[in-house]
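Novice:
Residue numbers (my numbering), protein chains in the order written: chain A, 1245 to 1679; chain B, 5 to 452.
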């Protein structure tokens, strides 16, 4: 039996010098005492130690130890039974996931038999308690997707930037302070996030919605506009002669900058004019879900970025690249599959989250008009399962009960494939950087 | 690109990274600040004489004679209010029918508002509901109720472009020319004499049962329920997780079956929490019949399943980080594989395992979705230990949801909701703090 990696090959230790035992034992603090030497053909000896309360029987042959036949048989049997027991418990806990699949599918199938597959995915008529109930869940799927998209828009840029900053920019001492912040963000219970979204954020959004959007627009837009202006003017003047270049660049910066800020100002005005009719909407939930998914994205992405190793960085620096160029052109492409995994795991967290969306998404089974309108209430899969089970529980066996399992099955399959994809991503990064 | 542009890009790159970190920290601060600031108000607040009466009548707390003296003083201060009301009632009878019919609804509203501010008028039979038996126990709530007495709130729809606008109409105007007019300035001026506000520390908020669907009392049933659920989940998850981790790190050969096991574990980690809830309902209750309906036991089993992957992974990491020399020394002493694991590897890995366990404990305590269908009820008595096998329980996480969205008067019990959130968040943060400290100690030890 070969044990690769960090595992220990136990077979190698079966034969070892008898003098070594008391020596090593004394060194690590387990005094050994040879208690008895019997005169059988194998010249067994009994070694009693505080380490092993029962005596170990060993055959003495020259200067090495061998287990006697009987002892070896016993040990083998015990080892076999022991590892069998361990395997059984391990299988029990890991096969739980198969049980989950089985029981969700078992209760989801009756729904598809009763109502058919197609209307469930294509119709928007969600009237589960009507006399002739309809279970078209397209709007609910779109609600889940919209909220997840919003959360990804918040979590992915912020998370990857933070991960890069954590692994490559910040000094060690600052990192020690920031890490607990991420851990605490991950630890806060989802219901507390939901409470914040419902009781604090939603009224704020409803009363001050326009101003909040305006400020957010400026905070995001201004730096982006500034950077784009500078880069664009630099690129446009790239081929000019050095004498004219500097002046042309400043003129371009001023021109483009004025234009960009005029655009931003217009955007800010139009955002400020928006009235939010209900604070419990897709935008609210997206922001909170984004914050919830952040720790996942940050920690997985940081692991991936760290895994690329020093050699790549040092090579890039040696070629004269700045830190940002090193990271953007060398490190991030090398870690791309790991970062993909981070994004996928963050999305999984957002899709599977229940309490925040249940409390603060408005729970209206409708497709927003137009579909990207984040200011309208939506309904998601998880919230539907949580909310409708209370009424469907009494009607076990009805389509209303089983439709929730059908939704759970969709969630389960989605998370299963996401998981496979993210594992593949992590493995690929490791392989690519040769670790 | 010019060198200065490249430098600037590099700096702005650093700046955006720092900005992202700052935003994250700010998000955490914004999130936690109101929870702590207002949550603390569930324990430290300005309590009125009604609060002290409640404590005396329900729990026999406080100095009876002192509170009775206070109550007497309060009643003397309230007497003119009730006198004015009775006078107005007499006046109402002498009014012409048309005017009386106009006055009646607003008078009824006023009486109701007065009742909820000061409690039942003296000499009336004791109301059935407990919330009607007492006036406002908190001074901040009393201010809100005073507002209701002084003003009538109306929604103005006359400007459709601005939507509905809330306007406040002073009630004095409605009763102009009647004997009720002096009531309003009197109330505004003498409310503190009627309610005798005083700084109160109600630490029993943590250990009292709740009354009348959380209008009064504390959160002991919820706290105890969360405690049972968490401990129960750990009782299932720790042994199973630990054994699985030992097998996977020390015993498992590299074959397709074991890599299948690993895939199963990572899939389990990705299952949405609500699906665990459905599974608990479908498997533990509907199929196995662990209990007739929801119970703490089923909830704990479901939670255990949810945190199992976390426990396994943390234990695996901790076991793998034990230096190889420890194992080799033990084996060279003739210790068997199992013996090595039990006496050398596990003790060395224990702090790391504990860190993982503590973190997953925090997760189990805070999670709501898995216990919705398996263990949680909105209102309940604190359970005795033997009831956990068959009874559902209130829990912190579930009751935060329940009180904030489904309660009949959620605005009136904001302090209880914030208190619940504060307790839950503090609990989880303390567990995580313990984990962080433990990890720091391990890192220090490993550095030497």
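Using N, Cα and C, we set each Cβ at its ideal position, and we do this for glycine too.
Give the residues of chain A in contact with residue 364 of chain B, contact being defined as C-beta atoms less than 9 Å apart.
Specialist: The count along the second chain starts at 1 and reaches residue 364 of chain B at position 360. Ordered by position in chain A, no residue passes the 9 Å Cβ test against residue 364 of chain B, which lies about 11 Å from the chain.
Novice: Could you confirm whether any beta carbon from chain B is found closer than 9 Å to the beta carbon of residue 1363 of chain A?
Specialist: Looking up residue 1363 of chain A in the first chain gives position 119. It does not; no Cβ of chain B falls within 9 Å.
Novice: Taking the continuous alpha helix (DSSP H) assigned at residue 1350 of chain A, which residues delimit it?
Specialist: The count along the first chain starts at 1 and reaches residue 1350 of chain A at position 106. First-last of the alpha helix (DSSP H) with residue 1350 of chain A: 1340-1359.
Novice: Starting from residue 454 of chain B, find everything on chain A with Cβ-Cβ shorter than 7 Å and list it in chain order.
Specialist: Past the edges of chain B, shown from 5 to 452, lies residue 454 of chain B, and the structure says nothing about it.
Novice: Taking Cβ positions, are residue 1392 of chain A and residue 1520 of chain A nearer each other than 9 Å?
Specialist: The residue given as residue 1392 of chain A occupies position 148 in the first chain. The residue given as residue 1520 of chain A occupies position 276 in the first chain. No, these two residues do not count as a Cβ contact at 9 Å.
Novice: Grab me the residues of residue 1556 of chain A's own chain with a C-beta within less than 7 Å of its C-beta, minus the 5 sequence neighbours each way, in chain order.
Specialist: Here the question's residue 1556 of chain A lines up with position 312 in the first chain. Sequence-distant Cβ neighbours of residue 1556 of chain A in its own chain, meaning closer than 7 Å and more than five residues away, are 1574, 1575, 1578.
Novice: Buried or exposed for residue 313 of chain B, please, with buried defined as at least 16 other CB atoms from any protein chain shown within 10 angstroms of its CB.
Specialist: Along the second chain, read from residue 1 onward, the residue named residue 313 of chain B stands at position 309. Per the 10 Å Cβ criterion, buried.
Novice: In this structure, what does DSSP give as the bridge partners for residue 1371 of chain A?
Specialist: As a first step, residue 1371 of chain A must be located in the first chain, where it is residue number 127. Its beta-bridge partners are A:1378.
Novice: What does residue 1540 of chain A touch in chain B if you count any residue whose Cβ is under 9 Å from its own?
Specialist: Taking the first chain and counting its residues from 1, the one referred to as residue 1540 of chain A is at position 296. Taking a Cβ-Cβ cut-off of 9 Å, residue 1540 of chain A has no neighbours in chain B, whose nearest Cβ is about 11 Å from it.
Novice: Give the single residue among B:348, B:368, B:264, B:158 whose Cα lies nearest to the Cα of residue 242 of chain B.
Specialist: Here residue 242 of chain B is taken as the residue at index 238 of the second chain, counted from 1. The shortest C-alpha separation from residue 242 of chain B is found at B:368.
Novice: Can you pull the chain A residues whose beta carbon is under 7 Å from the beta carbon of residue 16 of chain B, in chain order?
Specialist: Here residue 16 of chain B is taken as the residue at index 12 of the second chain, counted from 1. Near residue 16 of chain B (Cβ distances below 7 Å), the residues of chain A are 1471.
Novice: If we define contact as Cβ-Cβ less than 9 Å, is residue 294 of chain B a contact residue for chain A?
Specialist: Locating residue 294 of chain B in the second chain gives position 290, counting from the first residue. With 9 Å as the cut-off, residue 294 of chain B does not count as an interface residue toward chain A.
Novice: Comparing the C-beta of residue 1673 of chain A with each C-beta of chain B, is any distance below 9 Å?
Specialist: For the purposes of this step, residue 1673 of chain A is taken as the residue at position 429 of the first chain. False, the Cβ-Cβ gap to chain B never drops below 9 Å.
Novice: DSSP three-state call for residue 380 of chain B: helix, strand or coil?
Specialist: On the second chain, position 376 is the one that residue 380 of chain B refers to. Three-state DSSP puts residue 380 of chain B in a strand.
Novice: Assign residue 138 of chain B to one of three DSSP states: helix, strand, or coil.
Specialist: Locating residue 138 of chain B in the second chain gives position 134, where the first residue counts as 1. Residue 138 of chain B: coil per DSSP, three-state reduction.
Novice: Given residue 81 of chain B, which residues of its chain have a CB within under 8 Å of its CB, disregarding the five upstream and five downstream residues?
Specialist: Taking the first residue of the second chain as position 1, residue 81 of chain B is located at position 77. These residues qualify, in order along the chain: 194, 197, 198.
Novice: What's the call for residue 1621 of chain A, buried or exposed, on a 16-neighbour Cβ count within 10 Å?
Specialist: As a position in the first chain, residue 1621 of chain A is number 377, starting the count at 1. With a threshold of 16 other beta carbon atoms within 10 Å, residue 1621 of chain A meets it and is buried.
Novice: Which chain A residues sit within Cβ distance under 7 Å of residue 40 of chain B?
Specialist: The residue given as residue 40 of chain B occupies position 36 in the second chain. Chain A residues near residue 40 of chain B: none, gap ~11 Å exceeds 7 Å.
Novice: Exposed or buried, what is residue 319 of chain B when buried is set at 16 or more other beta-carbons lying within 10 Å of its beta-carbon?
Specialist: Here residue 319 of chain B refers to the residue found at position 315 when the second chain is read from its first residue. Counting Cβ neighbours within 10 Å, residue 319 of chain B comes out buried, since at least 16 surround it.
Novice: Please report the distance separating the alpha-carbon of residue 1653 of chain A from that of residue 1631 of chain A.
Specialist: Counting from 1 along the first chain, the entry for residue 1653 of chain A is found at position 409. Counting from 1 along the first chain, the entry for residue 1631 of chain A is found at position 387. The alpha-carbon atoms of residue 1653 of chain A and residue 1631 of chain A are separated by roughly 17 Å.
Novice: Run through DSSP, which three-state label would residue 344 of chain B get?
Specialist: Against the second chain, residue 344 of chain B aligns to sequence position 340. Residue 344 of chain B: helix per DSSP, three-state reduction.
Novice: Output yes if chain B places a C-beta closer than 9 Å to the C-beta of residue 1659 of chain A; else output no.
Specialist: Within the first chain, numbered from 1, the residue matching residue 1659 of chain A stands at position 415. Interface residue, yes.
Novice: Tell me which same chain residues have a C-beta within less than 7 Å of the C-beta of residue 1354 of chain A, skipping the five on either side of it?
Specialist: The residue given as residue 1354 of chain A occupies position 110 in the first chain. Within the same chain, residue 1354 of chain A has close Cβ partners 1646.
Novice: Is the beta carbon of residue 25 of chain B closer than 9 Å to that of residue 1648 of chain A?
Specialist: Residue 1648 of chain A sits at position 404 when you count from the first residue of the first chain. Residue 25 of chain B sits at position 21 when you count from the first residue of the second chain. No, Cβ-Cβ distance for residue 1648 of chain A and residue 25 of chain B is not below 9 Å.
Novice: For the alpha helix (DSSP H) containing residue 271 of chain B, list its first residue and its last residue.
Specialist: Counting from 1 along the second chain, the entry for residue 271 of chain B is found at position 267. Run containing residue 271 of chain B: 260-274, per the alpha helix (DSSP H) assignment.
Novice: Should residue 219 of chain B go down as buried or exposed, given a rule of 16 or more other Cβ atoms within 10 Å for buried?
Specialist: Position 215 of the second chain, counting from 1, holds the residue named residue 219 of chain B. Buried.
Novice: By the DSSP assignment, the alpha helix (DSSP H) with residue 1505 of chain A in it spans what residues?
Specialist: Reading the first chain from its first residue, position 261 is the one you call residue 1505 of chain A. Per DSSP, residue 1505 of chain A belongs to the alpha helix (DSSP H) from 1486-1516.
Novice: At a Cβ cut of 8 Å, what residues of the region 1422-1437 of chain A count as close to chain B, listed as they run along the chain?
Specialist: 1422, 1424, 1425, 1426, 1427, 1428, 1429, 1431, 1432, 1433, 1434, 1435, 1436, 1437
Novice: Between the C-alpha atoms of residue 1260 of chain A and residue 336 of chain B, what's the straight-line distance to the nearest angstrom?
Specialist: For this step, residue 1260 of chain A is matched to residue 16 along the first chain. For this step, residue 336 of chain B is matched to residue 332 along the second chain. Residue placement at residue 1260 of chain A cannot be trusted, given a pLDDT of 38 that sits under 50; what the coordinates show is reported in the next sentence. Each residue's alpha carbon lies about 7 Å from the other.
Novice: Once the 5 residues before and after residue 362 of chain B are set aside, which same chain residues still bring their CB inside 6 Å of it?
Specialist: The residue you call residue 362 of chain B lines up with position 358 of the second chain. Correct list, in chain order: 435, 438, 439.
Novice: Could you give the DSSP three-state label for residue 205 of chain B: helix, strand or coil?
Specialist: Position 201 of the second chain holds residue 205 of chain B. The three-state reading of DSSP puts residue 205 of chain B in strand, counting E and B together.
Novice: For the beta strand (DSSP E) containing residue 155 of chain B, list its first residue and its last residue.
Specialist: Here residue 155 of chain B corresponds to residue number 151 of the second chain, with the count starting at 1. Its beta strand (DSSP E) spans residues 155-160.
Novice: With a CB to CB cut of under 7 Å and the five nearest residues on each side skipped, what residues in its chain are close to residue 1268 of chain A?
Specialist: Taking the first chain and counting its residues from 1, the one referred to as residue 1268 of chain A is at position 24. Because the pLDDT of residue 1268 of chain A is 43, which lies under 50, any placement of that residue in the model is unreliable, and the question is left without a value.
Novice: Between the C-alpha atoms of residue 202 of chain B and residue 53 of chain B, what's the straight-line distance to the nearest angstrom?
Specialist: Here residue 202 of chain B corresponds to residue number 198 of the second chain, with the count starting at 1. Here residue 53 of chain B corresponds to residue number 49 of the second chain, with the count starting at 1. Rounded to the nearest angstrom, the two C-alpha atoms are 8 Å apart.
Novice: Between residue 86 of chain B and chain A, is any beta-carbon pair separated by less than 9 Å?
Specialist: As a first step, residue 86 of chain B is located in the second chain; it is residue number 82 there, counting from the start. Not an interface residue.
Novice: Determine the extent of the alpha helix (DSSP H) in which residue 50 of chain B is found, giving its start and end residues.
Specialist: Along the second chain, one-based indexing puts residue 50 of chain B at 46. First-last for residue 50 of chain B: 48-51, but that is the beta strand (DSSP E), not the alpha helix (DSSP H).
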